[in-house]
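All remarks here apply to the structure that follows.
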Amino acid sequence: MTVKRLSRLQWFGLFGGAVMLAAGHILGIGLTYAECNVGGARWGIPNDPWEMAILLTAAFVMVLAAAASATIIAQTQGTSYDDDPPLSRIRFFAIAALLANVLFTIIMILDLVGNVFNVVCRQG
Amino acid sequence: MVVVTERLTRLEHQWQARPGVLGWLTTTDHKRIGLLYFWTTLVLFGAGGVEALAMRTQLARPNQHLIGPETYNELFTLHGVTMIFFFIIPMTTGAFGNYLLPLMLGARDMAFPRMNALSFWIFLGSGIFLYVSLAVGDAPNAGWFNYVPLSSRHYDPGHNIDFYCLGVIFNSIASTLTAAQFIVTILKSRAPGMSLNRMPLFCYAMFAAAFGLLFALPTLSADVIFLFLDRNVGTHFFDPAYHGSALLWQHLFWFFGHPEVYILIVPAFGIATSIIPAFTQRKMVAFPLVAIAELLVVFIGFGVWAHHMYATGLPTMTMIFFGAATAMVVIPSTIQVFSWCMSFIMGTARFNTPLLFIAGFIFMFVMGGLTGIMFVAIPFDQQVTDTYFVIAHFHYIIFGAAVFPIFGGLYYWFPKVTGKLPFDRPGQIAFWIIFVGTNLLFFPMHILGLIGMTRREYTYPSGLGWEPYNFAETIGAFITTAGILLLLGNLVYSYFRGVESGPDPWHGPTLEWTVPSPPPDYNFAVIPTVRSAYPNWEPAPPYEWLDRGHQQVESEGVDGVIGDIVGMPHESPWPPLLALTLLGVFAMLVLGKFEIAGIMGIFTLLTLVGWHSKEPQES
Amino acid sequence: MIAPRRHALALLPAVAVLAGCDKQQNALAPESHQAKSIASLFWWMMGGSWIGLGLIVALLVLAWKRRNRRGIGSDTEGDKPGEKFAWRVVIGLGIVTPIVVIGVIFVIANLFVIKTTEAPAADSTRLTVRVIGHMWWWEVRYPGHPAVTANELHIPVRVPVRLEVQTKDVIHSFWVPRLNRTIDAIPGRTNAIELYADTAGRYRGQCDEFCGLQHAHMAFYVYADPPSVFRRWLAQQSKPVSSPPPKLFTTAGCADCHALRGTSAKADVGPDLTHVGSRSTLAALTIRNTPAELEDWILHNQAIKPGNQMPDITISPAQAHELAVYLEGLK
Amino acid sequence: MTAVPAPRRVAFPAGLWGMLMVIATEGMLLGAFIATYFYLRFKAPVWPPHGDHAPPIATTLILTACLVATSAPMAIASWSAAAGELAKTRLALVIALIVQCGYLAYEFKDFSDELHKSNIVHDQYTSIYYTLLGADHAHVFFGVLLNLWLLGKLVTGLTRYRVRAVQAIAWYWHFVNVLTIVIVGTLLSAHA
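Protein chains in written order, with my numbering: chain A, 1 to 124; chain B, 1 to 619; chain C, 1 to 331; chain D, 1 to 192.
So, in structure tokens, the structure goes:
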């Protein structure tokens, strides 16, 4: 792969999952909130399927980002993260992004499990 | 050789500061601004500490009435507000960050030097503003979290909460300026060759903190704006009678408030990750993981806010979202803890005062972190929320994990700032006193919380088994104070009696150790280039004297490729003036004289025009 | 939830001190299945925490012992001695282990334990009690019964009770650590938890959310009585006042704030006094409920509980005595 | 003294990064306002509550369109400034300024009229409605001030510093226009 493409891939790996985490969280929480209050309930958006859709989409992108980072790590075996840029920088952020996306994905999984296990709007 | 001295004199001429008080008033030098921040925050730290001691004395024994309820409420409110907004954030970012960032990045100053000065003067103004409220007997009294409706006009008719609202906005202007400043400086002012993967971890920490401030503070501002309107105009944001909601305040507040606690702690990580390599003479273990961990802790920290609201009756499903984020926000910290410990082990640790404080910091941070992990369990959180267990948790974090590194950092960078070596033995003794004191002060709080003592009680009954723990805590508080006084006293003594340190007493890894101590006004006579994250250990041939003007290098952002040579602004009288007009605006707002405040605002705009009347020289 | 291994953990210092202390408001002396599962959650997490802390301390001690040697593992040479081994430790102990441990905590606590502590569905219990927070006392009502009392709440033992929490003014928080977790009383909302007591007895509770000047003096008792005793108590509390109040009750201004059910005094600013004599404390557990202390309270309550919403009543000690005697008579 | 030859890359200047920071934090502030709008909306049984009415769709959209259109002259201004064409820059700025002032004037009149009709303290809807709208107008007003200041600066010709200023302020205006679209969208959503 060319350095340019690796670099693009690296930025996707670094930011793709992060953006989806933000989006997934805001939408997920907002959806439940709307569902559980009179004003939002009027629209009658079914909570569970939508939550599933949101969280799974987010998780999917995160897995892609993780995969991208993993690919880069594999592609740049030769270089160390403190050699000369840009390759070193690409590897550096790929390692970072891999960790980040693993954590993001786990958050999404825990959210999903919580959704399956709980009745929407049941006061905790 | 002649050439060298000639160029040095030219640099001197370009960069040297105005003499006297005027020099300090109009300074744009990040080092001087850092020192101004340091002294101001130190004073406010004293104030916050005295407030804490007063409370501990009141609580030493049951049913005491040394302090009345009203005073006590003002005390704990001011203690929280002071320590968070007026000590730790300005100390770590304002003082340490300002002084060190350019030195570590190989820059001659921040990206926006005048804005940097402005942030200090605004900060000073907000500090004065807050403590005037105490002087006039209208100090904020509804807790730093300031929940409505307790803080609404109806239940709190005085000016107390108006001081809180405006003081917080005032202060957050300063923090926002610092944050923007740091992000741009870190992205644009790095020395040639310092690609992001070679940036010192301290700068990553500062970047993370700045990112947090930049995105967290606006929600707080929005929140207090709503409250100010509710109180003074009569809007209905938090008014249940109009389907407003007291929970809206809490959501907006904690959306700021939780990132906030990471903003407090992350710069401390940065200080730790600067001290550890220097005192173990080994590069940080797992550098990329630590770097991303510092960013992740803040980023994920934006998704956990409602774990402060588990008892408010949110739907379980909503709480799960925050529980999940809370669970994973732990991991960046565990990564760092082990990376620090392994660096200790793999290197040759020299347990001087700075490293001692970092070791203590790791212990305290793990203590606080473990109780933090317990809050992942929602029912347990709901059981101990608003008890002394929580106080124990976040004081282990905020005092143990945020303030210990500040003390360590003081000893670590003292030679750089003063050119004198601090005496080590008294420092070590001070460490042990503080370590024992803080644990005696904070550990019993865990037990107190579990056996039922709730927060923010100005007094408590006897017979519930709370007495011994409270008494022990009070003793601990005074021991800690003694330790801190010894620590600072030793620094003062070292300043006058200490031996010359030379540029690099610790054989430190980063660029600040390549320049003389104290650093010259222009920081680097020759702009360095960087081939490693530890440039003082792996020097690279320097770039060039930039002595033809008041200039600095602007890099392209990611890989440290030189983008441009830019002229830097000189000293300016406008920042303090602008801050002064703002102080006027806020004073008038708190008095409810909105028209006069508006006029003051016009003056603010005029100062801005004056500010930009003189353009930095072209290169 | 698995039963906690108290004996093993009792060796630990923190627990040793915990054992000794007074149990009135002790979250670790639980008396209901909710509080018990929360407590055992804590014991398990604390055990784990000591192990974690021990590990870190061990590493720091090791660092101190090895302060003169560099590196462990295959690659002790070079500028990053022991990096490979260190990475393994960081990934193993710093990433994988905590993820697993915290994942387990999350599942046990937030998927299972939470089911016992979350709000019971409306009319899922036979008895509902409504608690209304005031600055700075608790009003207690029994929907379906005229009974109204203050700062003490009686429930039948071993019967699940749905507790509804509301507030008249600012945010308060209802917390009886030995029975269940905290629940906030928030303006415009009704929050609920299940209240259940395994054994008969008196459990201390307290306002858990800062609510102003006298937040410190806003405690209450929960009495778990045998069902028969409870029913008698409820019947007694539902009765109107036994004897009409002295004129003084109106002239001194008591009636402006307090109610005596069955008389013209119907105000609901202060606590309902219909059966005040039957209560064990006054002013939300600030003082004991004896004629002498009630008399003192009437005259100097601002000294006893500064800033509370009741003014000092300007009447002669003799009149105060008369009032106190009357009120104490209302059992 | 060996100077390392380092490649120079056309970079995104610090000044514009600074403006990005302003946009980020301001965007967050307005984001909080908008979140509040929906928080209150979802809690309310009727929206807008009785006695209030959602803003008129047609006029609002037309006005917004006018304002958003000024992104074009602002963009032209920043390009021609970069190209050193002073006259063109001035012209573009003046055109933008006229439209923006017109918009502001109308909105101000409208705003004050509405304030007379239904007051900000009427209920939670008017509270957030006027706060959002007021915040938007404040941003437009500040942008107008910036443009005035810029034109004043440009009287004495272009410098590198002023080119940066033009670019930064153009960005600010693009931000304000996006902001207006979002806020107007939020306020009009009361019709849904």
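All C-beta atoms, glycine included, are put in the ideal place defined by N, C-alpha and C.
Predicted model, so just to flag it, every value in this text is computed and none were measured.
Can you list the residues of chain B that residue i reaches, using a CB-CB cut of under 7 Å?
i	result
GLN123 of chain A	GLY313 and PRO315
Could you name the residues of chain D that residue i contacts, counting a contact when the two beta carbons are closer than 8 Å?
i	result
ASN37 of chain A	PHE42 and LYS43
VAL184 of chain B	ALA14, TRP17, GLY18 and MET21
With residue i and residue j assumed to form a contact (beta carbons below 8 Å), what rounded beta-carbon distance in angstroms separates them?
i	j	result
LEU55 of chain A	MET108 of chain A	5 Å
THR286 of chain C	ILE304 of chain C	6 Å
GLU571 of chain B	ARG18 of chain B	6 Å
PRO200 of chain B	THR459 of chain B	About 48 Å separates the two Cβ atoms, so there is no contact after all.
LEU273 of chain C	ALA259 of chain C	7 Å
GLY144 of chain C	SER243 of chain C	So it is not a contact: roughly 27 Å between Cβ atoms.
For residue i versus residue j, is the C-beta distance shorter than 8 Å?
i	j	result
ARG455 of chain B	TYR396 of chain B	no
TYR262 of chain B	VAL297 of chain B	yes
GLY188 of chain C	TYR155 of chain B	no
THR25 of chain D	LEU214 of chain B	yes
LEU16 of chain D	TRP171 of chain D	yes
ILE155 of chain A	ALA96 of chain A	Shown here, chain A extends from 1 to 124; a query on residue 155 of chain A therefore has no answer.
ILE225 of chain B	PHE207 of chain B	no
ASP564 of chain B	PRO13 of chain D	yes
TYR147 of chain B	TRP249 of chain B	yes
What does DSSP give as the partner residue(s) for residue i in the beta ladder?
i	result
PRO315 of chain B	A:GLN123
ILE527 of chain B	B:GLU544
VAL276 of chain C	Paired residues: none, contrary to the question.
VAL222 of chain C	C:LEU153 and C:TYR203
LYS620 of chain B	This structure cannot speak to residue 620 of chain B, because chain B is shown only from 1 to 619.
TRP194 of chain C	This sequence places Glu at residue 194 of chain C; Trp is not what is there. Paired residues: C:ARG162.
Say whether chain C places a C-beta atom closer than 8 Å to the C-beta of residue i.
i	result
VAL113 of chain A	yes
PHE15 of chain A	no
ILE106 of chain A	yes
How would you list, in chain order, the residues of chain D whose beta-carbon sits under 7 Å from the beta-carbon of residue i?
i	result
THR235 of chain B	ILE120, VAL121 and SER127
GLY40 of chain A	PHE42
Any beta-carbon of chain D closer than 8 Å to the one on residue i?
i	result
ALA34 of chain A	yes
GLY28 of chain A	no
LYS593 of chain B	no
SER532 of chain B	no
GLY616 of chain B	Before going further, note that residue 616 of chain B is Pro rather than Gly in the sequence given. Yes, contact with chain D.
Please check if any C-beta of chain A sits within less than 8 Å of the C-beta of residue i.
i	result
ILE56 of chain C	no
VAL168 of chain B	no
ASN110 of chain C	yes
TRP79 of chain D	no
MET568 of chain B	no
Run through chain B and tell me which residues come within less than 9 Å of residue i, C-beta to C-beta.
i	result
SER88 of chain A	SER195, ASN197 and ARG198
Cβ of residue i less than 8 Å from any chain B Cβ?
i	result
PRO49 of chain A	no
ALA24 of chain D	yes
VAL170 of chain C	yes
ALA14 of chain D	yes
ASN118 of chain A	yes
TRP64 of chain C	yes
ALA32 of chain D	yes
ILE95 of chain A	yes
MET310 of chain C	no
Residues of chain C with a CB under 8 Å from the CB of residue i: which are they?
i	result
LEU31 of chain A	By Cβ distance, chain C contributes nothing, its closest Cβ being about 19 Å from LEU31 of chain A, past 8 Å.
Along chain C, in chain order, which residues have C-beta atoms closer than 7 Å to that of residue i?
i	result
GLY68 of chain B	PRO306
LEU110 of chain A	PHE106
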